[in-house]
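Trainee:
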Amino acid sequence: MECIFCQIVAGKVPSEILYQDEEVIAFPDINPEAPVHLIIIPKRHIPSLAHLSEWELPIIGHMVDIANQLAKRKGVSESGYRLVISCGKEGGQLVPHLHMHLLGGRKLSDTLG
Ligand code: 5GP
Ligand code: ZN
Numbered sequence: 848m849e850c851i852f853c854q855i856v857a858g859k860v861p862s863e864i865l866y867q868d869e870e871v872i873a874f875p876d877i878n879p880e881a882p883v884h885l886i887i888i889p890k891r892h893i894p895s896l897a898h899l900s901e902w903e904l905p906i907i908g909h910m911v912d913i914a915n916q917l918a919k920r921k922g923v924s925e926s927g928y929r930l931v932i933s934c935g936k937e938g939g940q941l942v943p944h945l946h947m948h949l950l951g952g953r954k955l956s957d958t959l960g
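Numbering (the working numbering), first residue to last: 848 to 960.
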C-alpha cells in the first residue's frame, strides 16, 4: 500500500486525527497554505473525483458536512473559508486519493487559479 493517505488511514503514517468515523477522516495538511488548512478524505481509496461512482456521491456531502463542523471548531465559520477538491494533473491534484482541502484564517485569493 503506497498511497500516503491510505497509510494515514491505516495509522502507518502519523497524523493528528481531527475527526474520524467509519467513512471519513480529517487531519491537518503537512504543508499548510493558510492558518487553517485541513484535509478531509474518504477512508476508502477513491483515486479522484473522476473515479467517483454514482453510488459513492453521498460521500461528498458527508465530507462537506464534516468540513463545515471543523470550520466551526477552528473558528473560521464566521470569517469564511474555502473547500477545494482538485482533480487530475491540470487540476493540481498531487495525491491520488480523493481529498477536500479546508482553507481559512486569512483572506484567500480572489482568483481560482
Ligand atoms: P493536492 O495538491 O493533491 O490537492 O494536495 C495534497 C495535499 O496533501 C498537499 O497540500 C500536501 O501538503 C498534503 N500532504 C501530502 N503528504 C502529506 C502527508 O504525509 N501528511 C499530511 N498531513 N499531508 C500531506
Ligand atoms: Zn489511498
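Backbone N, C-alpha and C define an ideal beta-carbon position, used for all residues, glycine too.
Considering only C-alpha positions, which residue in the set R920, G960, G927 is nearest to A873?
Mentor: The candidate whose alpha carbon is nearest that of A873 is R920.
Trainee: Round the Cβ separation of I887 and L959 to the nearest angstrom and send it over; I've been treating them as touching at under 8 Å.
Mentor: Contact flag wrong, Cβ pair sits at about 19 Å.
Trainee: Nearest-angstrom Cα distance between P861 and I855?
Mentor: Going from the Cα of P861 to the Cα of I855 covers about 6 Å.
Trainee: Which residue marks the beginning of the beta strand (DSSP E) containing R929, and which one marks its end?
Mentor: That run of the beta strand (DSSP E) goes 928-931.
Trainee: Listed in chain order, which residues are found with a beta carbon closer than 6 Å to a heavy atom of the ligand ZN?
Mentor: Answer in sequence order: C850, F852, C853, H892, H944.
Trainee: Determine the contact status of I906 and P889, defining contact as a CB-CB distance below 8 Å.
Mentor: Taking 8 Å as the Cβ cut-off, I906 and P889 qualify as a contacting pair.
Trainee: Between L896 and the rest of its own chain, which residues show a CB-CB distance below 7 Å, the 5 nearest in sequence each way excluded?
Mentor: The residues are I932, C934, L945.
Trainee: Going residue by residue through the stretch 898-940, where are the continuous beta strand (DSSP E) segments of at least 3 residues, counting only ones entirely within it?
Mentor: Here the runs fully enclosed are 928-931.
Trainee: Tell whether a beta-carbon distance below 8 Å holds between D876 and L865.
Mentor: In this structure, L865 does not lie closer than 8 Å to D876 by Cβ.
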